[in-house]
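Quick notes on the structure that follows.
Number of protein chains: 2
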Amino acid sequence: MTAGKRLAVVLLSGGLDSTTVAAMAKADGYRLLALTIDYNQRHRIELEHAARVATALEAERHIVLPLDLRGFGGSALTADIDVPKTGVEPGIPVTYVPARNTIFLSVALGWAEAAGARDLFIGVNALDYSGYPDCRPDFIAAFEAMANTATKAGVEGAHFRVHTPLAAMSKADIVRAAAAVDAPLALTWSCYDPTPTGKPCGECDSCRLRAKGFAEAGVADPAL
Amino acid sequence: MTAGKRLAVVLLSGGLDSTTVAAMAKADGYRLLALTIDYNQRHRIELEHAARVATALEAERHIVLPLDLRGFGGSALTADIDVPKTGVEPGIPVTYVPARNTIFLSVALGWAEAAGARDLFIGVNALDYSGYPDCRPDFIAAFEAMANTATKAGVEGAHFRVHTPLAAMSKADIVRAAAAVDAPLALTWSCYDPTPTGKPCGECDSCRLRAKGFAEAGVADPAL
Chain G
367 MTAGKRLAVV LLSGGLDSTT VAAMAKADGY RLLALTIDYN QRHRIELEHA ARVATALEAE
427 RHIVLPLDLR GFGGSALTAD IDVPKTGVEP GIPVTYVPAR NTIFLSVALG WAEAAGARDL
487 FIGVNALDYS GYPDCRPDFI AAFEAMANTA TKAGVEGAHF RVHTPLAAMS KADIVRAAAA
547 VDAPLALTWS CYDPTPTGKP CGECDSCRLR AKGFAEAGVA DPAL
Chain Y
367 MTAGKRLAVV LLSGGLDSTT VAAMAKADGY RLLALTIDYN QRHRIELEHA ARVATALEAE
427 RHIVLPLDLR GFGGSALTAD IDVPKTGVEP GIPVTYVPAR NTIFLSVALG WAEAAGARDL
487 FIGVNALDYS GYPDCRPDFI AAFEAMANTA TKAGVEGAHF RVHTPLAAMS KADIVRAAAA
547 VDAPLALTWS CYDPTPTGKP CGECDSCRLR AKGFAEAGVA DPAL
C-alpha cells in the first residue's frame, strides 16, 4: 500500500472513455481498483483490452466480474438484435442495456465499501446524454444519494462520490484529456461489432464517435 | 401470458421472508418473475429451496443469476469470517454484505425494465433495520428515486415501485402473513451455517429469529 494515496474503484471497459477516466484518476493521485463487468457483451475482445489497460495503469487489483445479463434480453449488445450501422440516430438506441450503469455502479459500490474506498469513477459523457438515461448527471446525483443511505459506511458518515470527469466533454475533448494524462489509448477498444478478423468495424455508433473524436482533436488514433 | 395480470420481479432467496413476499405478490394478482442471486453465499442449499418455491408459486420464469461477490471480501456470508452463534447483537452484523440489496435491486431493475415490469418486491423487514442499512425505508425510497432517473422506461414516464410488504412486520407477523396467503413455508430455508448433514444449525442469527417468529405466532415450523 502506498502511503497517503486514496483508493478508487474505476469501472474499466477497456474502451477510450473508461481508459481515459482511469488515467485521470491515477493522475489525480488515486490508487486504482479496476472493475470490469463481463456481461456477455458481444464484443468480448474488450475484456482483453481492459486487462492490458489495468496493467499499464498499475492498478492495485483488476477484477473481471462475470455477470450474465443475456437472460433478461432487451438490448442489441446482449441479445440477438442487430447493431445499427447507418449512423447515430436521435433517441434511446437499441444498444441500451436496461439499468446497466445502475448495476455496474452498484457492484462498484460493493467493492468500494469492502475495500474502504469512497470514490467511484465512471466514463459517462455528454454524447451519451440524449441516448442513455443512466449517463445523465441527474442519474449520477440520484445514485450518490442512494449510495449514502445504502451502506454501512454511509450510515456511519462516509460520503461516496461518483466521479464523472468526462461528463461535459465531447469525444474530441476526451481525446485531448487522454493525451494530457498520457492515457494508454493504443490499448483501448471501442467497436461494438468487430470484423471476423478482429478489427473494428468502422461503422457502428461507437466506431463513428471515436473516429470523429480523433479527427476533431487532430490526433491519429493509436489503436488503428 | 395471463391477460390483465401485471408482471413483478421478486427477489427470491428461498428463505422465509422472500417466500412470504413472493406469495403475497401472487395473492395481489401479479405474475411472478423470480430472481435468485447466487452470490456464493455459504448456504448454497438456499438455491435449491428457491427453485422449489418458484415452482410452487407458479412463477412465469425463475432466473438464478451467478454473481460472485467473494472477490470483494468484507462479509461473513461471502468471506472467511465466522458466522456469529452467540445471539443477535446490536449494530451492523458481520453477515452484512456490502451494498447487497443495492446490487440485487439493480439487477432486478434491469430485468424489470427488459420485461416491461414496473414492480419489484423484496423481503426486507423491521428486524433488519438496526443491522442492515440497505433494509431501511430511507434506502428503499432513495433506490426508487434513482430507478426512475436510471431507466429508459423511467425517463419515458413509467414509475418503478419497490414493494416491501414486510417492512413494518416482526418475524411473528411475517409467519402470520405467510399463513394468510398460503406461502409454501415448508420449502423455505433460513440457516446461515447448516450442519454437515444439511440441517439448520439452530444457533445462527437467522435460525434464532426464525424460531422466535414461529414461537411468537404460535405456529409450528413446517420446515423442521
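Line by line, the protein sequences are chains G and Y. For my numbering, count along the first sequence from 1 and bump the result up by 366. For my numbering, count along the second sequence from 1 and bump the result up by 366. Don't be surprised by glycine CBs; every beta carbon is placed ideally from N, CA and C.
If you count every other CB in all the chains shown that lies within 10 Å of the CB of residue i, and 16 or more means buried, which is it?
i         : result
Glu-414/Y : exposed
Trp-546/Y : Trp is not the amino acid found at residue 546/Y; the sequence shown has Ala there. It counts as exposed.
Glu-510/Y : buried
Arg-502/Y : buried
Met-367/G : At Met-367/G, the pLDDT of 45 sits below 50, so the modelled position is not reliable and the matter cannot be decided from this model.
Leu-619/Y : For chain Y, the structure presents residues 367 to 590; residue 619/Y sits outside this window and is missing.
Thr-402/G : buried
Glu-522/G : exposed
Asp-548/G : exposed
Ala-552/G : exposed
Lys-565/Y : exposed
Gly-482/G : exposed
Thr-515/Y : buried
Thr-554/Y : buried
Taking C-beta pairs closer than 8 Å, name the residues in chain G that residue i reaches, listed in chain order.
i         : result
Phe-509/Y : Met-512, Ala-516
Asp-434/Y : Leu-431, Pro-432
Is the separation between the beta-carbon of residue i and that of residue j shorter than 9 Å?
i         : j         : result
Pro-464/G : Ala-478/Y : yes
Arg-397/Y : Glu-426/Y : yes
Met-512/G : Met-512/Y : yes
Pro-432/G : Phe-487/G : no
Leu-423/Y : Pro-550/Y : yes
Pro-533/G : Val-490/G : The sequence shown places Ala at residue 533/G, rather than the Pro named in the question. In contact: Ala-533/G and Val-490/G (Cβ atoms closer than 9 Å).
Phe-526/G : Thr-517/G : yes
Val-419/Y : Gly-395/Y : no
Thr-468/G : Ser-472/Y : yes
Leu-399/G : Ile-429/G : yes
Asp-587/Y : Phe-580/Y : yes
Arg-484/G : Ala-507/G : no
Ala-416/Y : Phe-438/G : no
So residue i packs on residue j, CB below 8 Å; how close in whole Å?
i         : j         : result
Thr-386/G : Ala-543/G : 6 Å
Val-528/G : Val-585/G : So it is not a contact: roughly 28 Å between Cβ atoms.
Arg-576/G : Leu-377/G : Contact flag wrong, Cβ pair sits at about 18 Å.
Is residue i close to chain C, meaning its C-beta is less than 9 Å from at least one C-beta of that chain?
i         : result
Leu-471/Y : Checking the listed chains, one finds no chain C in this structure; the protein chains it contains are G and Y.
In chain G, which residues lie with their C-beta within 9 Å of the C-beta of residue i?
i         : result
Leu-486/Y : Result: empty, since nearest Cβ-Cβ is about 11 Å, beyond 9 Å.
Asp-404/Y : Those within 9 Å of Asp-404/Y in chain G number zero; the least Cβ separation is about 11 Å.
Using a cut-off of 8 Å between C-beta atoms, extract the partners of residue i located in chain Y.
i         : result
Pro-499/G : Thr-515, Ala-516, Thr-517, Lys-518, Gly-520, Val-521
Phe-604/G : Residue 604/G falls outside the range modelled here, since chain G spans only 367 to 590, and no answer is possible.
Find the residues of chain Y that neighbour residue i, judging by a C-beta separation of less than 9 Å, and give them in chain order.
i         : result
Trp-555/G : Simply none; closest approach about 23 Å.
Leu-398/G : By Cβ distance, chain Y contributes nothing, its closest Cβ being about 15 Å from Leu-398/G, past 9 Å.
Gly-476/G : Leu-435, Phe-438, Gly-440, Val-463, Pro-464, Ala-465, Arg-466, Thr-468, Ile-469
At a cut-off of 8 Å, would you count residue i as near the ligand NAP, judging by its Cβ distance to the nearest heavy atom?
i         : result
Asn-491/G : Among the ligands in the structure shown, none appear at all, so the ligand NAP cannot be discussed.
- What are the complete beta strand (DSSP E) segments, minimum 3 residues, inside the segment 389-416 of chain G? 397-404
- List in chain order: all unbroken alpha helix (DSSP H) runs of 4+ residues lying wholly within the segment 455-535 of chain Y. 466-481, 503-516, 518-521
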